[in-house]
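Protein chains in written order, with our numbering: chain A, 2 to 282; chain B, 9 to 676; chain C, 427 to 622.
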């Protein structure tokens, strides 16, 4: 049974609880054990890293060290956390930087731990999915966001410009994946407080692109993307009214979990009507 | 009676898709003297040619019309087919029903068919009056003339010499080497220019097959391919080259110092001089406009009333020369030589930037040209490799380069790209940094054109390693402020005006044909463009040939080129010349003009109009002088035919009678 | 002298500092503009990413870049970096510029973005984890936009997606994070001291 050191990250732990719950359910169904890192703390993303380099590295390294102690590969459902943790691991290959960070931590961290996003974990190999309720041709635009595959030399996962792992997963559970050009465009990231206008503009064009590609829903793999695309739709003019679901929620539906179990009723933009129409909820 | 066969080609669907072939065949069968008509799918294919050959034999054809494409395309092909079938190859006529009919009348098939029928009727009328013709052959003078001793000419001369062909290399300057000899280093490898050039120059001077004529110019050219006659003016050096030992005493002791052309005015030379230390031949010349003794002689010769103060008689060189090589009596000489082929490699000069008033118009001392900087960078140059400001000799720390000075500029009549400036600016900025790491260079550019092998990488090296700052924009003005030159430009990438206080400004002056190139082209009867660059016969497929057989062009004389391209061009021209000089005899097209002496009224208008100097005067037994066409020179252009008032001249294969017959066959 | 003419000054100490922090050599940039063309935030920038690189190449006064909105508006999505034909990490250069601006206490052109990051860190430094409710509340107060995003509150609270209580500040992790903050501050003070 594959086992991972699970790092939810602050957002998934709280506002993206639906992501956390659906991720756990899907992993259970697939026989993947997510063992949460005890006492994890902020990875350093968003604010620490672009404020102080050393601070960003140290905050990330603290969590990496905890996973290293567990002797497991670290996985996170949050691309920002994954990117920051993997980025730190990449930078700490420099022995001088590692020594400096170890000084700060006051611990002996060896920088030997692997870091993978949950999508990478779930799309590994040719895992047979015990699909109980195929998604019946639900037209989904797979939205990866910017950080899940970037930069390639740090993450080494999928493809920077035209990633395929989410496409394959969604197809495997019976969704019809629509081809479109906004797979890795940025949604506005952490700007909803300081520059709401930017989020509206960037997320708005992503949703419009999904609509014109013929999608009925957008699948995401990032709590920030979900918040920007789902929660802020109501403030966009015109309201795109495009359901936005975590890929784990879509998988969960196909694996037989109910919409309620998957917390699909907590979204701002209603997804239930669409799912009911398809006989999925 | 002629028995004419007509072959109407389908050319796949090229012709058959537009022209109604059965209808044309039916019409062709009705034409007088036509005894056989066929319609091969592709007449030029081996099957098609075989059909022509077989029909000639089987049906006893004596004339052939191939109604297909342009004669430019396949006349030679079908002439060969006729010859293989035992027929004189000139008993062929082609009717062009593809380019001049099917391709241009696709929108009106009926009219195209009618036009094809008429074109064939004309060809039939003409071919019936064809006479068998035989090409003439002339001998070949197995010697080549190379005009211009720069790198392209040197390469051509060496390649010819190594092919065992006798070469005369004519150079206007006292030494060979050309512009490349002035360069310090060459891009993108930064190998020293003279280190790679000098061995080639020496090789020329020592080559048993090459005769070097420096300080010489081509005076006149006559003759034709295989047999040119050239007059070469060898100017008097006033130094006996056999006696001179190149000891150097004369040019060291000569008291008259003048600005050195070789150093682009950055250094001095004496009145008796060799242009540079490695000159080939390393024998000095006396510059007659500056020599004090010559001035003294002029003073002596002038009428007493007009002459001023008596100048010094000087003659120091003559007195000090150990082998007594100075020869005041030496005169210019005209040599007459015969050649089978000529290669013109007269090279380039740099644009005179004084027309740019906004760049100081040549009045700001610290605004120099790329070639001038090149001389300063050279370790063997006038400053020993130390870069100095001409105004005060100070070593510049901030150097600004301006690209496209006299290039890509309609206003000064130079809209073309000079090809080499981008790279030499990159090179010079790298060298400046190598000479002194404290130098900061700036390059104002419009585009960086780095298309050669390793060039883009070299250009990046200038920017990334030498730290040269490239600013996209054209400088508007340069003005002096104290000891600095203020360069006003724009960084069009940032969209902001930029000003740099420079110690030295280097203008990347563009290239233009060497002075006198067009006059020489006229003597050679070859073409040149509006800028004076020599014209190739075809810019892509015949890049070293000219419209005059036996004359080839190479190097910068044809257009802007870097050293590798000029060398390749020189070699290419040499190979083309070998193509002629390796023949024992040259055959000439028999379609030449022919004078009927009985009708000639000796007006010689034909002589005046002939572009190929093919009209000669012949004295008949009755002492009458009439025109005669030299068949080797005649290109069959027909100018003489149309201007001949008594109608005494005819073009073989296109006689007046044939043209009339063609016209009469046309039904309007 | 032209009005506002730029006097190029390549390789100023400021440029060297940015190059040192980012590990990027600005002269490598060929100004092709691929970064700006693909930048999702370019519409909100005063200098496009290409212009930032150009300004560094020319050595424009540091105030221009440190006072630019660009360095705050950049989303660090890495699009520029992964597409750069010269393999320059342009997002890394943006990050370096922001670090310099923070270190030098240069007034931020985007006050609210700077505020967001300060508050974010303030919270992390205390509890080790992000407290979204707290951050949002403080941001609204400090940026004087009391009603920003409050329309989302009822649903978030109702669906238990926005914990009102902050993470337990006396956890082992929070304590370690506080120590990391202290040590990093000390280390940076020491290194600044040694530079001076």
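Where a beta carbon is used, it is the ideal one built from N, C-alpha and C, also for glycine.
Please read these numbers as outputs of a predicted model, since none were measured by experiment.
**OP:** Kindly identify the DSSP beta-bridge partner or partners of residue 36/A.
**Re:** Along the first chain, read from residue 1 onward, the residue named residue 36/A stands at position 35. Answer is 6/A.
**OP:** Measure the C-alpha to C-alpha separation of residue 661/B and residue 596/B and round it to an integer number of angstroms.
**Re:** Translated into positions along the second chain, residue 661/B becomes position 653. Translated into positions along the second chain, residue 596/B becomes position 588. Cα to Cα, the separation comes out at about 14 Å.
**OP:** Let me know the secondary structure DSSP gives residue 599/C once reduced to three states.
**Re:** By 1-based counting over the third chain, the position of residue 599/C is 173. Reduced to three states, the DSSP call for residue 599/C is helix.
Original post:
Taking Cβ to Cβ, would you say residue 244/A is nearer than 8 Å to residue 271/A?
Top reply: Position 243 of the first chain, counted from the first residue, corresponds to residue 244/A. Position 270 of the first chain, counted from the first residue, corresponds to residue 271/A. In this structure, residue 271/A lies closer than 8 Å to residue 244/A by Cβ.
**OP:** Have a look at 141/A, 100/A, 158/A and flag the residue whose alpha-carbon is nearest the alpha-carbon of residue 613/C.
**Re:** Sequence index remark: in the third chain, residue 613/C carries index 187 (1-based). Residue 613/C has its Cα closest to that of 100/A, out of 141/A, 100/A, 158/A.
Subject >> C-beta contact flag for residue 288/B and residue 279/B at 8 Å >> reply: For the purposes of this step, residue 288/B is taken as residue 280 along the second chain, with counting starting at 1. For the purposes of this step, residue 279/B is taken as residue 271 along the second chain, with counting starting at 1. Cβ atoms of residue 288/B and residue 279/B: not closer than 8 Å.
Original post:
Per DSSP, residue 497/B is paired with what?
Top reply: Along the second chain, one-based indexing puts residue 497/B at 489. In DSSP, residue 497/B forms a bridge with 506/B.
Original post:
Does the region 240-255 of chain A touch the region 63-75 of chain A, meaning 3 or more C-beta pairs lie closer than 8 Å?
Top reply: no
Original post:
To the nearest whole angstrom, what separates the beta carbons of residue 422/B and residue 524/B, a pair I think is in contact under 8 Å?
Top reply: Along the second chain, one-based indexing puts residue 422/B at 414. Along the second chain, one-based indexing puts residue 524/B at 516. Wrong, their Cβ atoms sit about 19 Å apart, outside the cutoff.
Original post:
Is residue 471/C helix, strand or coil by DSSP?
Top reply: The residue labelled residue 471/C in the question sits at position 45 within the third chain. Three-state DSSP puts residue 471/C in coil, outside helix and strand.
**OP:** Within 10 angstroms of the Cβ of residue 462/C, are there 16 or more other Cβ atoms? Answer buried if so, exposed if not.
**Re:** Stepping through the third chain from its first residue, residue 462/C is reached at position 36. So residue 462/C counts as buried.
Original post:
Is residue 589/B near residue 348/B, with beta carbons less than 8 Å apart?
Top reply: Here residue 589/B corresponds to residue number 581 of the second chain, with the count starting at 1. Here residue 348/B corresponds to residue number 340 of the second chain, with the count starting at 1. Yes, the pair counts as a contact, with Cβ atoms nearer than the cut-off.
Subject >> residue 433/B, buried or exposed, once every other Cβ within 10 Å from all chains shown has been counted against 16 >> reply: As a working mapping, residue 433/B is identified with position 425 in the second chain. Under this definition residue 433/B is a buried residue.
**OP:** Determine the direct distance from the alpha carbon of residue 76/A to that of residue 121/A, and round the result to whole angstroms.
**Re:** Indexing the first chain from 1 puts residue 121/A at position 120. Indexing the first chain from 1 puts residue 76/A at position 75. Cα to Cα, residue 121/A sits roughly 9 Å from residue 76/A.
Original post:
Is residue 169/A helix, strand or coil by DSSP?
Top reply: As a position in the first chain, residue 169/A is number 168, starting the count at 1. The answer is helix: DSSP assigns residue 169/A an H, G or I state.
**OP:** Assign residue 255/B to one of two classes, buried (16 or more other C-beta atoms within 10 Å of its C-beta) or exposed (fewer than that).
**Re:** Working through the second chain from its first residue, we reach residue 255/B at position 247. Residue 255/B comes out exposed.
Subject >> Residue range of the beta strand (DSSP E) that includes residue 268/B >> reply: The residue labelled residue 268/B in the question sits at position 260 within the second chain. That residue, residue 268/B, is in no beta strand (DSSP E); it is neither H nor E in DSSP.
Original post:
Does residue 622/C get closer than 8 Å to chain A when you measure Cβ to Cβ?
Top reply: Taking the third chain and counting its residues from 1, the one referred to as residue 622/C is at position 196. Residue placement at residue 622/C cannot be trusted, given a pLDDT of 45 that sits under 50; what the coordinates show is reported in the next sentence. So, not an interface residue.
Subject >> Chain-order list of residues whose beta-carbon lies under 6 Å from that of residue 110/A (same chain, five-residue window excluded) >> reply: On the first chain, position 109 is the one that residue 110/A refers to. Cβ neighbours of residue 110/A beyond the five flanking positions: 62, 66, 103.
Subject >> Boundaries of the beta strand (DSSP E) in which residue 487/B is found, first to last residue >> reply: Sequence index remark: in the second chain, residue 487/B carries index 479 (1-based). From DSSP, the beta strand (DSSP E) with residue 487/B extends over 485-489.
Original post:
For residue 451/C, which residues in chain B fall below 9 Å Cβ to Cβ?
Top reply: The residue given as residue 451/C occupies position 25 in the third chain. Ordered by position in chain B, the residues that pass the 9 Å Cβ test against residue 451/C are 472.
Original post:
Going straight from the alpha carbon of residue 114/B to that of residue 105/B, what length do you get?
Top reply: Residue mapping note: residue 114/B aligns to position 106 of the second chain, counting from 1. Residue mapping note: residue 105/B aligns to position 97 of the second chain, counting from 1. If you take the alpha carbons of residue 114/B and residue 105/B, they lie about 12 Å apart.
Original post:
For residue 550/C, which beta-bridge partners are listed by DSSP?
Top reply: Here residue 550/C refers to the residue found at position 124 of the third chain. Answer is none; residue 550/C lacks a bridge partner.
Original post:
In three-state DSSP terms, what is residue 235/A?
Top reply: Against the first chain, residue 235/A aligns to sequence position 234. Note: residue 235/A maps to helix in three-state DSSP.
Original post:
Excluding sequence positions up to five away, which residues of its chain have a Cβ less than 7 Å from the Cβ of residue 178/A?
Top reply: Looking up residue 178/A in the first chain gives position 177. Cβ within range, chain order: 141, 143, 168, 171, 172.
Original post:
Below 8 Å between beta carbons: does that hold for residue 453/C and residue 522/C?
Top reply: Counted from its first residue, the third chain places residue 453/C at position 27. Counted from its first residue, the third chain places residue 522/C at position 96. Going by C-beta atoms, residue 453/C is not nearer than 8 Å to residue 522/C.
Original post:
Using DSSP with H/G/I as helix, E/B as strand and the rest coil, what is residue 512/C?
Top reply: In the third chain, counting from the first residue as 1, residue 512/C sits at position 86. Coil.
**OP:** Output, in chain order, the set of chain A residues within a Cβ distance shorter than 7 Å of residue 439/C.
**Re:** Taking the first residue of the third chain as 1, we reach residue 439/C at position 13. Residues of chain A passing the Cβ test: none, with the nearest at roughly 19 Å.
Subject >> CB-CB length for residue 71/B against residue 138/B, believed under 8 Å >> reply: Reading the second chain from its first residue, position 63 is the one you call residue 71/B. Reading the second chain from its first residue, position 130 is the one you call residue 138/B. Their Cβ separation, rounded to whole angstroms, is 6 Å, which keeps residue 71/B and residue 138/B in contact under 8 Å.
Subject >> Members of the region 161-172 of chain A near chain C, C-beta cut-off 9 Å >> reply: 161, 162
**OP:** With DSSP as the reference, label residue 567/C as helix, strand or coil.
**Re:** Translated into positions along the third chain, residue 567/C becomes position 141. The answer is helix: DSSP assigns residue 567/C an H, G or I state.
Original post:
Quick one: Cα of residue 79/B to Cα of residue 242/B, how far?
Top reply: Position 71 of the second chain, counted from the first residue, corresponds to residue 79/B. Position 234 of the second chain, counted from the first residue, corresponds to residue 242/B. Each residue's Cα considered, the two are about 46 Å apart.
Original post:
Helix, strand or coil for residue 76/A per DSSP?
Top reply: On the first chain, residue 76/A is found 75 positions in, with the first residue counted as 1. Residue state, collapsed to three classes: strand.
**OP:** Kindly indicate which three-state DSSP category residue 208/B falls into: helix, strand or coil?
**Re:** Translated into positions along the second chain, residue 208/B becomes position 200. If DSSP states are grouped into helix, strand and coil, residue 208/B belongs with the helices.
**OP:** For residue 51/A, count neighbouring C-beta atoms within 10 Å of its own C-beta (all shown protein chains included) and say buried if the count is 16 or more, exposed if not.
**Re:** As a position in the first chain, residue 51/A is number 50, starting the count at 1. Residue 51/A comes out buried.
**OP:** Take every Cβ of the region 209-217 of chain A, pair it with every Cβ of the region 227-243 of chain A, and state whether three or more of those distances are shorter than 8 Å.
**Re:** yes
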